[in-house]
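Trainee:
Residue numbers (this note's numbering), protein chains in the order written: chain U, 1021 to 1441; chain L, 1021 to 1441.
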């Protein structure tokens, strides 16, 4: 089985200034080819640390993917490290230089000496032309003790890294390594905790074939169950995983809302489409984030019509149509206001379903009846309205995320139970 | 100087199923204490790999923070690895068990045998009670060759990990390690590429003190410049960094929009507040994401009034008030529609400023005049309206992100240049 390690380079990652999204994306691509990733390592812009990590990882596995440190500035030292590791010099690559010249012409930028340096590549590498930036990728392929090893260096800018992987690296990996059998599927559940689910499925779990692993991934009150089969025979592993997945689904059908990369907004979309229903949102504390999530799903314009982000009270009254008396009598964060918001949104945008949120997302806010952190969520249908109160804490970002997730879960459950027809 | 490594455990991270947000958050906390992080490592749920990595990291640095694999299910094997590493057994912790009992009582869940197991902790550790979940943290503190070493194990669920770090770990680290001098500041720029900026500041960069490093972090057409001072004297390093930062600001004043953790939405908020202006959005392709970003800023209710997410044409007409003729004559993705959207939003929500977006975010969509990926952004003030067309590609998520960022940049530039008064 082909093994891989991913190295990401940059002080900005080590101090946590930048979220490392590259590693997850690269891992998804390699896993989809059945390549087994055994370790990810992040190091700073330090030559000794970079060289040590490159050597270590290259000795441990077949494929090493490295990102970062290929820019035009002084802190970019990865290329020098690659030359040291592979014991080679730099050579000028005309195609890479023309790429920079053309890009800069379009942008109206001047070529600097540092851009010319970016077109120098290690003489033992296969240069990969970058269609989204100035730094070319560099791929080394060697035969070590009868095995083919690949180490590829890519820029850290996600768009450039992704372009190079899609344009070149995946094809080279597919051609070089066959017989990779890693295969996995994921079942998404909501409504019960992981220890509860583990108890129900324990006999089945104990009977799993030796090469199949079950993992529990809890997040925001949702639990994802991932089944992975290891080994070299992909077709056999697919059959095993899908067979075991069927058994699992039969054990916990009522808590499953989707599979694999599905999201709760995707699951909501599937149910809306199935019943030919449309949806709108009226958002206060979530500030448009529920609408944003609903519209992340391709094709959502079939069922999502729009949203009123009614942040100020005046817009709740004037645009959305919530009565002034409701807010003054019950408060802006209340069951009554939330329910009137969802009903008004449904009528205003003429949809079958509407979601509304009103709350104090923090860190400030709150009034005499509702503390900061309190959120009301309401779901309305033609002849139906419900609402629920939550206390999601005073961290603004987390509060908004949890409110969004729970609002989508509420509407999902209502749709599943046919309450909104 | 105190050194640290962060280990994150979980197959879900290795295969890229879950984005590793823990490592960035932990790194921020440690960096804020002046602790120097030298490496992050992610490994799967594999005992050999976990043990090897724990040993390696513990031998290389002073503080090792480990997350993941402490749940109640079979795939959670970190606790066993900790016992092997520290050569100890498990002991029942009454306080941790009562925590589970109380949590489950509130949730109406039943206690299972696996929950009881979660209250067993290694007998050489200091247990850290988890107020957001069932798995206690476990902190080991040892004297090795005259130096104090700490290794702490935390659950992988971000909320639980964060709670334990804030409730216990930071205080213990502060008490144990003094004299950490790492200090950094970041300058945020937009409008020019990194090689252009590097050219302007090269003499200053060459004259930086030896213990100060400059890093360039490009992202979405913005370049962040981070100055870091290393060494043991925090006060001295603060003074050096702030002095050099002042010099840098004088070299490129017109491209700076903020500092450190500022965001473009924060910078927009600062300018709106300064001039006592209000803002609204009318969003089609961004589906509420600009409103979401504006409202991520605490206190944004002072200037942000609301948004109309007009996904369907009917809502563009009926709620927002865009004329049918404009859309039929010029198309829904056009300069004219975008400008009418921003002007209608401004009037409807009675604000000083409004942003509008209309585009084909992909992967489908497009018409005879506008390809998929095409986006129009417009900014309107009382006596001012502009618009710009972009081609952000057909990856829906990336298109939405880039449109959001560029819309905020456009309004920032208009505010800075006093065009919206």
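Idealized CB from N, CA, C, for every residue including glycine.
Small disclaimer: the values here were computed from a predicted structure and weren't measured.
Scan the stretch 1325-1363 of chain U and note each continuous alpha helix (DSSP H) run of 4 residues or more that stays entirely inside, going in chain order.
Mentor: 1344-1350
Trainee: By the 8 Å beta-carbon criterion, what residues does the stretch 1396-1418 of chain U contribute toward chain L?
Mentor: 1416, 1417, 1418
Trainee: Put residue 1043(L) into one of helix, strand or coil per three-state DSSP.
Mentor: DSSP places residue 1043(L) in helix when its eight states are reduced to three.
Trainee: From residue 1401(L) to residue 1301(U), what does the alpha carbon distance come to, in whole angstroms?
Mentor: Roughly 27 Å separates the two Cα atoms.
Trainee: Classify residue 1491(U) as helix, strand or coil using the three-state DSSP reduction.
Mentor: There is no way to answer for residue 1491(U), as the model of chain U reaches only from 1021 to 1441.
Trainee: According to DSSP, residue 1408(L) sits in a beta bridge with which residue or residues?
Mentor: 1397(L)
Trainee: Which bits of chain U does residue 1383(L) rub up against, with CB to CB less than 9 Å?
Mentor: 1318
Trainee: Taking only the alpha-carbon atoms, compute the straight-line gap between residue 1121(L) and residue 1216(U) and give it to the nearest angstrom.
Mentor: 14 Å
Trainee: Going by C-alpha to C-alpha distance, which of 1189(L), 1432(L), 1304(L) sits closest to residue 1170(L)?
Mentor: 1189(L)
Trainee: Ignoring anything shorter than 3 residues or poking outside the stretch 1365-1394 of chain U, list the beta strand (DSSP E) runs there in chain order.
Mentor: 1373-1379
Trainee: Within 10 angstroms of the Cβ of residue 1272(U), are there 16 or more other Cβ atoms? Answer buried if so, exposed if not.
Mentor: buried
Trainee: Say whether chain L places a C-beta atom closer than 8 Å to the C-beta of residue 1092(U).
Mentor: yes
Trainee: Determine whether the Cβ of residue 1100(U) lies closer than 8 Å to any Cβ atom of chain L.
Mentor: Between residue 1100(U) and chain L, the shortest Cβ-Cβ separation is not below 8 Å.
Trainee: Using DSSP with H/G/I as helix, E/B as strand and the rest coil, what is residue 1203(U)?
Mentor: If DSSP states are grouped into helix, strand and coil, residue 1203(U) belongs with the strands.
Trainee: Look up residue 1441(L) in the DSSP assignment and say whether it is helix, strand or coil.
Mentor: coil
Trainee: Are residue 1064(L) and residue 1176(L) closer than 8 Å when you measure CB to CB?
Mentor: no
Trainee: Against chain U, does residue 1147(L) count as a neighbour if the rule is that its beta carbon must be under 8 Å from one of theirs?
Mentor: no
Trainee: Mind checking residue 1248(U): buried by the 16 CB within 10 Å criterion, or exposed?
Mentor: buried
Trainee: Please compile the residues from chain A whose C-beta is within a distance smaller than 7 Å of the C-beta of residue 1372(L).
Mentor: Going by chain labels, chain A is absent from the structure shown, which instead holds the protein chains U and L.
Trainee: Distance check for residue 1105(L) and residue 1257(L), CA to CA, integer angstroms please.
Mentor: 37 Å
Trainee: So the candidates are 1275(U), 1262(U), 1058(U), 1228(U); which of them puts its Cα closest to the Cα of residue 1244(U)?
Mentor: 1275(U)
Trainee: Kindly indicate which three-state DSSP category residue 1098(U) falls into: helix, strand or coil?
Mentor: helix
Trainee: Please state whether DSSP places residue 1431(U) in a helix, a strand or coil.
Mentor: helix
Trainee: So, for residue 1506(U): in the same chain, excluding its five sequence neighbours on each side, which residues have a beta-carbon less than 8 Å away from its beta-carbon?
Mentor: Since the first residue of chain U shown is 1021 and the last is 1441, residue 1506(U) is not available in this structure.
Trainee: Taking only beta-carbon positions, decide if residue 1200(L) is within less than 8 Å of chain U.
Mentor: For residue 1200(L), not one C-beta of chain U is nearer than 8 Å to its own C-beta.
Trainee: Do residue 1331(L) and residue 1124(U) have their C-beta atoms closer together than 8 Å?
Mentor: no
Trainee: So which residues of chain L does residue 1238(U) contact, with C-beta pairs closer than 8 Å?
Mentor: Neighbours of residue 1238(U) in chain L, taken as residues at a C-beta separation under 8 Å, are given in chain order as 1091, 1177.
Trainee: Distance cutoff 8 Å, beta carbons only. Does residue 1433(U) sit that close to anything in chain L?
Mentor: No, because no Cβ of chain L sits closer than 8 Å to the Cβ of residue 1433(U).
Trainee: Using a Cβ-Cβ cutoff of less than 7 Å, which residues in the same chain neighbour residue 1362(L) once the five nearest sequence positions on both sides are dropped?
Mentor: 1302, 1374, 1375, 1376, 1398, 1399, 1400, 1405
Trainee: Can you check whether the C-beta of residue 1215(L) is within less than 8 Å of a C-beta belonging to chain U?
Mentor: yes
Trainee: So the candidates are 1073(U), 1093(U), 1074(U), 1212(U); which of them puts its Cα closest to the Cα of residue 1219(L)?
Mentor: 1093(U)
Trainee: Do you know whose CA, among 1157(L), 1087(L), 1042(L), 1236(L), lies nearest residue 1119(L)'s CA?
Mentor: 1157(L)
Trainee: Identify the contact partners of residue 983(U) in chain L, using a Cβ-Cβ distance below 9 Å as the criterion.
Mentor: Because chain U spans 1021 through 1441 in this model, residue 983(U) falls outside it and cannot be assessed.
Trainee: Tell me whether residue 1212(U) sits in a helix, a strand or coil according to DSSP, three-state version.
Mentor: coil
Trainee: As a quick exercise: from 1334(L), 1333(L), 1287(L), pick the residue whose alpha carbon is nearest that of residue 1317(L).
Mentor: 1287(L)
Trainee: Would you decide whether residue 1229(L) is buried or exposed? Buried here means 16 or more other CB atoms lie within 10 Å of its CB.
Mentor: exposed
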